[in-house]
Every structure is written in C-alpha cells, then in structure tokens.
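Undergrad:
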Amino acid sequence: MPINPHSNFLRGRPHLVLAPDPVATKPRQQCGRLLTSNPPPPTDSSRFAFDLRYKSLPDLSSAAKPSISALSMAASISLSLSPASTPRSGPAAARLGAAFGSNSLSFCGLRREVLSLRSVGSAESRRMIADLARHRAAKIVAAAENNGKPAKFDYDLIIIGAGVGGHGAALHAVEKGLKTAIIEGDIVGGTCVNRGCVPSKALLAVSGRMREFQDEHHLKALGLQVASPGYDRQSVADHANNLASKIRSNLTNSLKSLGVDILTGFGTIVGTQKVKYGKVGFPDTEVTAENIIIATGSVPFVPKGIEIDGKTVFTSDHALKLEWVPDWIAIVGSGYIGLEFSDVYTALGSEVTFVEALDQLMPGFDPEISKMAQRVLINPRKIDYHTGVFATKITPAKDGKPVLIELIDAKTKEPKDTLEVDAAMIATGRAPFTKGLGLENINVATVRGFVPVDEHMQVTDADGNLVPHLFCIGDANGKLMLAHAASAQGISVVEQICGNDNVLNHLSIPAACFTHPEISMVGLTEPQAREKAENGGFPISVAKTSFKANTKALAENEGEGIAKLIYRPDTGEILGVHIIGLHAADLIHEASNAIALGTRLQDIKFAVHAHPTLSEVLDELFKSAKVCSSMK
Ligand SMILES: Cc1cc2nc3c(=O)[nH]c(=O)nc-3n(C[C@H](O)[C@H](O)[C@H](O)COP(=O)(O)OP(=O)(O)OC[C@H]3O[C@@H](n4cnc5c(N)ncnc54)[C@H](O)[C@@H]3O)c2cc1C
Numbered sequence: 001m002p003i004n005p006h007s008n009f010l011r012g013r014p015h016l017v018l019a020p021d022p023v024a025t026k027p028r029q030q031c032g033r034l035l036t037s038n039p040p041p042p043t044d045s046s047r048f049a050f051d052l053r054y055k056s057l058p059d060l061s062s063a064a065k066p067s068i069s070a071l072s073m074a075a076s077i078s079l080s081l082s083p084a085s086t087p088r089s090g091p092a093a094a095r096l097g098a099a100f101g102s103n104s105l106s107f108c109g110l111r112r113e114v115l116s117l118r119s120v121g122s123a124e125s126r127r128m129i130a131d132l133a134r135h136r137a138a139k140i141v142a143a144a145e146n147n148g149k150p151a152k153f154d155y156d157l158i159i160i161g162a163g164v165g166g167h168g169a170a171l172h173a174v175e176k177g178l179k180t181a182i183i184e185g186d187i188v189g190g191t192c193v194n195r196g197c198v199p200s201k202a203l204l205a206v207s208g209r210m211r212e213f214q215d216e217h218h219l220k221a222l223g224l225q226v227a228s229p230g231y232d233r234q235s236v237a238d239h240a241n242n243l244a245s246k247i248r249s250n251l252t253n254s255l256k257s258l259g260v261d262i263l264t265g266f267g268t269i270v271g272t273q274k275v276k277y278g279k280v281g282f283p284d285t286e287v288t289a290e291n292i293i294i295a296t297g298s299v300p301f302v303p304k305g306i307e308i309d310g311k312t313v314f315t316s317d318h319a320l321k322l323e324w325v326p327d328w329i330a331i332v333g334s335g336y337i338g339l340e341f342s343d344v345y346t347a348l349g350s351e352v353t354f355v356e357a358l359d360q361l362m363p364g365f366d367p368e369i370s371k372m373a374q375r376v377l378i379n380p381r382k383i384d385y386h387t388g389v390f391a392t393k394i395t396p397a398k399d400g401k402p403v404l405i406e407l408i409d410a411k412t413k414e415p416k417d418t419l420e421v422d423a424a425m426i427a428t429g430r431a432p433f434t435k436g437l438g439l440e441n442i443n444v445a446t447v448r449g450f451v452p453v454d455e456h457m458q459v460t461d462a463d464g465n466l467v468p469h470l471f472c473i474g475d476a477n478g479k480l481m482l483a484h485a486a487s488a489q490g491i492s493v494v495e496q497i498c499g500n501d502n503v504l505n506h507l508s509i510p511a512a513c514f515t516h517p518e519i520s521m522v523g524l525t526e527p528q529a530r531e532k533a534e535n536g537g538f539p540i541s542v543a544k545t546s547f548k549a550n551t552k553a554l555a556e557n558e559g560e561g562i563a564k565l566i567y568r569p570d571t572g573e574i575l576g577v578h579i580i581g582l583h584a585a586d587l588i589h590e591a592s593n594a595i596a597l598g599t600r601l602q603d604i605k606f607a608v609h610a611h612p613t614l615s616e617v618l619d620e621l622f623k624s625a626k627v628c629s630s631m632k
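Heads up: the sequence shown at position 366 corresponds to 366 in UniProt numbering, and the numbers run straight through without jumps.
(1) Contact between the region 519–536 and the region 360–371: three or more CB pairs below 8 Å?
(2) Could you tell me whether the Cβ atoms of His456 and Val503 are closer together than 8 Å?
(3) Can we say the region 345–364 touches the region 380–390, given the rule of at least three CB pairs closer than 8 Å?
(4) Let me know the secondary structure DSSP gives Lys220 once reduced to three states.
(5) Counting only runs that start and end within the region 277–350, where is the beta strand (DSSP E) found for 3 or more residues in a row?
(6) My assumption, with CB atoms under 8 Å, is that Arg448 sits in contact with Pro300. Please give the rounded CB distance.
(7) Can you find a heavy atom of ligand 1 that lies under 7 Å from the Cβ of Cys197?
(8) Would the C-beta of Cys472 count as close to ligand 1, meaning under 7 Å from any of its heavy atoms?
(9) What's the call for Thr268, buried or exposed, on a 16-neighbour Cβ count within 10 Å?
(10) Ligand 1 heavy atoms versus the CB of Glu184: any closer than 7 Å?
(11) Does DSSP classify Pro199 as helix, strand or coil?
(12) Within 10 angstroms of the Cβ of residue 642, are there 16 or more other Cβ atoms? Answer buried if so, exposed if not.
(13) Closest by CA to Asp238, which one among Arg248, Gly271, Ile540 and Ala202?
(14) Whose C-beta lies closer than 7 Å to the C-beta of Cys192 among residues of the same chain, with five residues either side of it excluded?
(15) Closest by CA to Leu178, which one among Glu184, Val260 and Ala591?
(16) Please tell me whether, using a cut-off of 7 Å, the distance from the CB of Val164 to the nearest non-hydrogen atom of ligand 1 is below it.
(17) Could you please give me the residues that DSSP links to Met521 through a beta bridge?
(18) At the level of alpha carbons, what is the spacing between His318 and Ile247?
(19) Output the distance between the C-alpha atoms of Pro91 and Ser257, rounded to the nearest integer angstrom.
(20) Anyone know if the C-beta pair for Leu582 and Phe622 falls short of 8 Å?
(21) Using only alpha-carbon positions, find the residue among Lys544, Asp215, Ile442 and Pro468 that is nearest to Ile369.
(22) Mapping DSSP to helix, strand and coil, what is Phe213?
(23) If contacts are defined as beta-carbon pairs under 8 Å, then Ala512 and Ile588 qualify, I think. What distance do you get, rounded to the angstrom?
(24) From Met425 to Ser334, what distance separates their C-alpha atoms?
(25) Per DSSP, which residues does Arg430 bridge with? Please list them.
(26) Under 8 Å Cβ to Cβ from His506, same chain only, skipping five residues before and after it: list those, please.
(27) Tell me the rounded alpha-carbon separation between Val577 and Arg375.
(28) How far does the alpha helix (DSSP H) with Gly166 in it extend, from its first residue to its last?
(29) Checking the sheet assignment: what are the DSSP bridge partners for Gln273?
(30) Output the boundary residues of the beta strand (DSSP E) element that contains Leu407.
(31) Would a C-beta distance cut-off of 8 Å place Ala169 and Val493 closer than the cut-off?
(32) Alpha helix (DSSP H) containing Thr446: first to last residue?
(33) Starting from Ser487, follow the alpha helix (DSSP H) in both directions and report where the run begins and ends.
(34) To which residues of the same chain is Tyr336 closer than 6 Å at the C-beta, ignoring the five residues directly before and after it?
(35) Compute the distance between the beta-carbons of Ile408 and Leu419, then report whether it is under 8 Å.
(36) Apply the 10 Å Cβ neighbour rule to Asp619 and answer buried if 16 or more other Cβ atoms are within range, or exposed otherwise.
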C-alpha cells in the first residue's frame, strides 16, 4: 500500500470504527430530504439547543421559517445560556460534556459553535425553541411520508481524509443534515494537528517566551530582571506532543458526538460514488455515497538527492518532535515553515544557515515585508544564508562526519559550495498525497501531483470534464495549502452539494507566519496588484502605518512593525493587506473579513476600535487611505 513513509499509517493504530450511537443519532436529512426514519427530536433542552444549532434551522420549511429576528434570537440564546441550568445527567449530557466541555475545541477551521452549546435560559427562549421544535418535527413527519423508500446510498457524503479539511467538511455536512462518514488511514487530525500547525505553534510559544527572557534590552526597558533563562528540551517537546494529542482527541470527539461515522482504513475510489477502505491484512469494505470529497492532504516534499535519515537530515515531521537541538542547523527553504523553525531553533540556542533557491529570502511575502522581516527576524539573530543556490546532495552525518550539503548555483548549475553542519532540515514545500486513491479508476489524472478542480472544488477528469459527485479540498488540490483554507473549501463544497451556489474567494483567505514578531497577509502583494491593475486598466495606491505610533505596541515595548494596504483609490476596494508586528496573525482578520464581505475603505474607516489596542494599527491604515472624493 502506498503510504507516507514518515507517518504511522495503520501501524498498530487503535481501531476507530464507531457504531452509530443510538442517542447521538439524529434525524438525517439531506438538505431537507429524509433518508432514514428516526425518532422525533428529543425534549431534553440541552440536547435540543444542540439540535437547533446543528440541525433544525436549515431544515425548516419556508412556510415554517421563523423571521430573521427570531433566528438571530435563536443564535443569541445559545450564547446566553447558563451552564448551571444544563441537565448534567444521562448519556446525552455526558457525551455533550465530553465533546464540548473543553474550551480548546477551536483551532484551525474547527467550528466554534460547539462551545456555545448550553441549556436554555429565559422562558421566552424556551418558548421559541419549542416552536422551532414543532416546526421541525412536522417537517420530519412530512418528509418521512413522502420518502419512505430505502436510501440509495450508504451515505450522503463520504470524505476521504480526516485532516482539518475533512473535519471542517464533516461538521458542516452534519449541520446540513447529511449522513456523513469520514475515512482515515492514519490518525485523525492529519498534518495540521499531528505534524503541522498545532505542535509547531506549541514550540513557537516556547521560543517567544525564551526570546523575551533572553532580551536584556527589552526586559530592562520594562524594568524587569530575569536570571539566566533556560529550558528543558524534553518538556518543551512534551508540550508540543501533548497539545497535539489533546486537540486530536477533541477533534475525534466532536466527530463522534455529531454522529459522523469514522471508518478506519486507507480509502480508494473504486468507481463513481463508490469507495473501498480497509486495513492491511483485512478484507476491504465497500461503501457508496451520493457525493465524495477527497481530503487526503500532503506530505513533506523532499527534492532528489537529499537523503533523509530522520535524525540529522529531516523534515518538519521529525523536527516537531524536538529530539535534539543541533548547535548548527541548515534549513533548506525559507518559506513560512523554514522561517518559523528558524525562530524556534535560534531561541533554543542553535545557529541557523538558510539555503534558498531564489535570489532573496522569504520570497512568498510582499517584498517590503520580506525586507523588514530580514531586518527584524534574520539580521539580529544567529542566522546566515545562501540565496540563489540549490542543495543538490545532502548526506546525513555518519561515523563522526557532519552532514554534507552540496550547493550549486541555481542559474548556472555550477558547483558553488559545500556546507558541513550538524543537521539539515528540509523545508522545501509540501507534495500532495494522492497515491493509492484510485483516481485512475475514474479517469482523473493529477497535475504536478495535485487533483485538478474547478472553482467549486469539483474534480475534473483527464479530458477536462467535471466528474459528477466528486470534489477535492485542502492541500491535495493545491489551491492554498493552509489549514483554514482546507476547512473553508470543505464548507463551500457542502453548501454546493446542498444546492447553494458557493464560490470561495481565495483572495480573502488570510495567511500567517507565527515568528516573533508575526507576519500576516491577505489578498495580493504589491507586485501582484500592480500587474493586475496594469492588465485591468485601473489605478492602485498604497498606504502604510507603523506599530511605532501605536500606544499598545509601545506599552509592550514592541514598536517594531508595519502594516501595508494596497487598494483601488477609484473604488475603495481593498486588494491586499500585509502586516509584520506584534500579533499580526490576529490583526489580519479585520482586513480579510472586509475583503470577504466586500467592505470598502470609505465605509470601514468609520468603524470604531477600542483604545489602546493593536487593532488601531489597522484603524490608522484604513483612515490613511485616500479614496476618490466621489466615492466618499
Ligand atoms: C510544520 C507545519 C506547520 C504548519 N502551520 C500551519 C499554520 O500555522 N496554519 C495553517 O493554516 N496551516 C499550517 N500548515 C499547513 C496545514 O497543516 C495544512 O494546510 C493542512 O493540514 C491541510 O489539511 P488537509 O485536510 O488538506 O490535509 P491533511 O491535514 O494532510 O490531512 C489529510 C488526511 O488524509 C489522510 N489520508 C491520506 N490519504 C488517505 C486515504 N487514501 N485514505 C484515508 N485517509 C487518507 C491522512 O492520513 C491525513 O490524516 C502547516 C504545515 C506544516 C507541515
């Protein structure tokens, strides 16, 4: 079976097949169509509040639909519910508690509504929920009468891959009433939870604090004294590992509690609307679904000539375990993963050498942000670099000899240098993982390994035709290899299969690099925007603000940073926002939401921001934009 050689694919993993839980099982409707007859909604109020969020509202027939204000009230009910009044006994309550009691459920694209599931507050709230229950029960009975025939498929939706993309899609599918299964060949959570965002951010949390404790100048300015900061490597590694386990179990619980069937095994598409899955040495099981989503993610890309031993030459998969902290480590690739690890390693005492094929470090960022990042994140640290070179051969350390890295000029291909280091981390990008998926069974050919999709994430076949009922989301389609993008694509697909035209605006999806300070961005870089403007024949302008003018940043003694806005002065449209500075990853969302919602600068500049907060950096930025007077 083709597997990711670095994963624990099916090696002695606990069997995760879950029998549908009779209590958790809820009436299943596919966007209003009843698939199986089920008991009426429970009367238990906490359970019903749960159903309200996940099932009832989308199922209401238009005749029975409450007014918008009633719906928004329903939404606010679950926010104002008192935990004290939640019935705490019985299996449903126990399950809800297990799944939702933890406040750490929100990560990546994981749905946050689960946190607001509490019992019902006021009498009016209860009355409204009872009304909604009646509408819902009536609809279910009507649907049962019309659709008494057996379901044509085992599931409405099968998702192959339980990473964040698959998880986001599954949760939204349940909310829409789809009978959903998710097939996972390794461990739930995929890259983000087990080998990506989650453990890396745990390490970065440590590096941020170490950096602060080691910065005498910074501490002195705040009047603080810290004596000889240090760290225990194993405890740092445990922090990352424990966080991944915790989030993984939250994720698994949320799937189980919502009634998603987790089918353990490697999934292969065997034909239209048909998948088989199974574990090595066991017979395969075949299941059918009206729609299938491929969410099989990616694995580290390792260029030819590089020998990975997992100890001295390794990828992020190994680095996240933090089995040792090398004195001198070469990081091949200066994208966001390489940059984040340089932050971790230098804070823990390593010296870093970047090897970058392009002519400048951090080539993916807006050039002005890269320049500042170079000044703040590279130059003052124990980091040197070789740009415009390829590492053609890397040999792991052996018999007392160091790791050898042979470099050639990226343009002339002439040998350039040989580096001798203690370790090399390969951060040259990610490769889609689609091996063994059975794409050939449905005439689909990958493009540079990625599954080709249209703007709705629907798969196209080798002849360029759309494959009915088949979608691909997340890293496997390569549109935007980020956790929240995968999840957002999954939600978009579910909307699509429920008949709601939904096209995700990828230019509104933010990205962040969690260095100290952080970098974040949304939309176009300045060169991209200039090219688009030239082709489209419209003007663009650029506005900038500095963290140095922000009271909160100065109070933290963290005034280093800028925010940059690229926009159309003729319309007030935001084309891109780039930030480097304290909490840049949190700040970007005001801009990304504005792009997603089409909010123009002439409107957003009147939004009020609390003082003193870092958000005023963006307030200043929006206010400083000069939009054509006729648009004001
Ligand atoms: C070090 C690192 C740090 C990162 N940090 C961030 C970050 O801070 N923010 C961010 O947004 N993104 C980050 N990412 C990227 C993010 O992890 C990915 O974009 C995201 O995990 C993609 O999600 P996915 O659901 O597409 O795939 P994955 O998370 O890769 O999940 C795919 C799942 O499918 C399973 N699978 C594959 N094939 C089969 C099959 N045939 N049958 C059954 N199961 C199968 C796999 O076992 C896996 O569980 C980081 C990545 C790395 C490596």
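Glycine is no exception: its CB is placed at the ideal position from the N, C-alpha and C atoms.
TA: In brief:
(1) yes
(2) Locating residue 456 in the sequence shown gives position 456, counting from the first residue. Locating residue 503 in the sequence shown gives position 503, counting from the first residue. In this structure, Val503 lies closer than 8 Å to His456 by Cβ.
(3) yes
(4) Position 220 of the sequence shown, counting from 1, holds the residue named residue 220. Of the three classes helix, strand and coil, the one that applies to Lys220 here is helix, per DSSP.
(5) 285–294, 298–300, 313–315 and 328–332
(6) Against the sequence shown, residue 448 aligns to sequence position 448. Against the sequence shown, residue 300 aligns to sequence position 300. Going by Cβ atoms, the distance from Arg448 to Pro300 rounds to 16 Å, so no, they are not a contact pair.
(7) The count along the sequence shown starts at 1 and reaches residue 197 at position 197. For ligand 1, at least one heavy atom lies less than 7 Å from the Cβ of Cys197.
(8) Counting from one through the sequence shown, the residue named residue 472 turns up at place 472. No, ligand 1 has no heavy atom inside 7 Å of this Cβ.
(9) Numbered from 1 along the sequence shown, position 268 holds the residue referred to as residue 268. So Thr268 ends up on the buried side.
(10) Residue numbering aside, residue 184 sits at position 184 when the sequence shown is read from its first letter. Answer for Glu184: yes, Cβ within range of ligand 1.
(11) As a working note, residue 199 is residue 199 in the sequence shown. Pro199 falls in the helix class under three-state DSSP.
(12) Residue 642 lies beyond the residue range present for the chain, which begins at 1 and ends at 632; the question has no answer from this structure.
(13) Sequence index remark: in the sequence shown, residue 238 carries index 238 (1-based). Comparing Cα positions, the closest option is Ala202.
(14) Here residue 192 refers to the residue found at position 192 when the sequence shown is read from its first residue. Only Cys108, Gly163, Val164, Val198 and Ala483 meet the Cβ criterion.
(15) Locating residue 178 in the sequence shown gives position 178, where the first residue counts as 1. Of Glu184, Val260 and Ala591, the residue nearest in Cα terms is Val260.
(16) Translated into the one-based positions of the sequence shown, residue 164 becomes position 164. It does: the Cβ of Val164 is within 7 Å (strictly closer) of some heavy atom of ligand 1.
(17) By one-based count along the sequence shown, residue 521 stands at place 521. Bridge partners of Met521: Ala511 and His578.
(18) Locating residue 318 in the sequence shown gives position 318, counting from the first residue. Locating residue 247 in the sequence shown gives position 247, counting from the first residue. Between His318 and Ile247, the C-alpha separation is close to 19 Å.
(19) For the purposes of this step, residue 91 is taken as residue 91 along the sequence shown, with counting starting at 1. For the purposes of this step, residue 257 is taken as residue 257 along the sequence shown, with counting starting at 1. Annotation note: pLDDT 31 at Pro91 (below 50); position unreliable, no value reported.
(20) Here the question's residue 582 lines up with position 582 in the sequence shown. Here the question's residue 622 lines up with position 622 in the sequence shown. Cβ atoms of Leu582 and Phe622: not closer than 8 Å.
(21) Stepping through the sequence shown from its first residue, residue 369 is reached at position 369. Ranking Lys544, Asp215, Ile442 and Pro468 by Cα distance to Ile369 puts Lys544 first.
(22) As a working note, residue 213 is residue 213 in the sequence shown. The answer is helix: DSSP assigns Phe213 an H, G or I state.
(23) In the sequence shown, residue 512 corresponds to position 512, counting from 1. In the sequence shown, residue 588 corresponds to position 588, counting from 1. About 7 Å; that satisfies the 8 Å criterion.
(24) Here residue 425 is taken as the residue at index 425 of the sequence shown, counted from 1. Here residue 334 is taken as the residue at index 334 of the sequence shown, counted from 1. Roughly 11 Å between the two C-alpha positions.
(25) Position 430 of the sequence shown, counted from the first residue, corresponds to residue 430. For Arg430, which the question treats as bridged, DSSP gives the partners Pro300.
(26) Sequence index remark: in the sequence shown, residue 506 carries index 506 (1-based). Lys479, Leu480 and Ala485, listed in sequence order.
(27) For this step, residue 577 is matched to residue 577 along the sequence shown. For this step, residue 375 is matched to residue 375 along the sequence shown. The alpha-carbon atoms of Val577 and Arg375 are separated by roughly 20 Å.
(28) To locate residue 166, count along the sequence shown from 1; it is residue 166. Its alpha helix (DSSP H) spans residues Val164 to Glu175.
(29) Locating residue 273 in the sequence shown gives position 273, where the first residue counts as 1. Partner(s): none; Gln273 has no beta bridge.
(30) Taking the sequence shown and counting its residues from 1, the one referred to as residue 407 is at position 407. First-last of the beta strand (DSSP E) with Leu407: Val403 to Asp409.
(31) Taking the first residue of the sequence shown as 1, we reach residue 169 at position 169. Taking the first residue of the sequence shown as 1, we reach residue 493 at position 493. Result yes, Cβ atoms of Ala169 and Val493 sit closer than 8 Å.
(32) Position 446 of the sequence shown, counting from 1, holds the residue named residue 446. No alpha helix (DSSP H) contains Thr446, which DSSP labels as neither H nor E.
(33) For the purposes of this step, residue 487 is taken as the residue at position 487 of the sequence shown. From DSSP, the alpha helix (DSSP H) with Ser487 extends over Ala483 to Ile497.
(34) Residue numbering aside, residue 336 sits at position 336 when the sequence shown is read from its first letter. Counting only Cβ-Cβ distances below 6 Å, and skipping sequence neighbours, we find Cys513.
(35) To locate residue 408, count along the sequence shown from 1; it is residue 408. To locate residue 419, count along the sequence shown from 1; it is residue 419. Not closer than 8 Å, so no.
(36) Here residue 619 refers to the residue found at position 619 of the sequence shown. Buried: at least 16 other Cβ atoms inside 10 Å.
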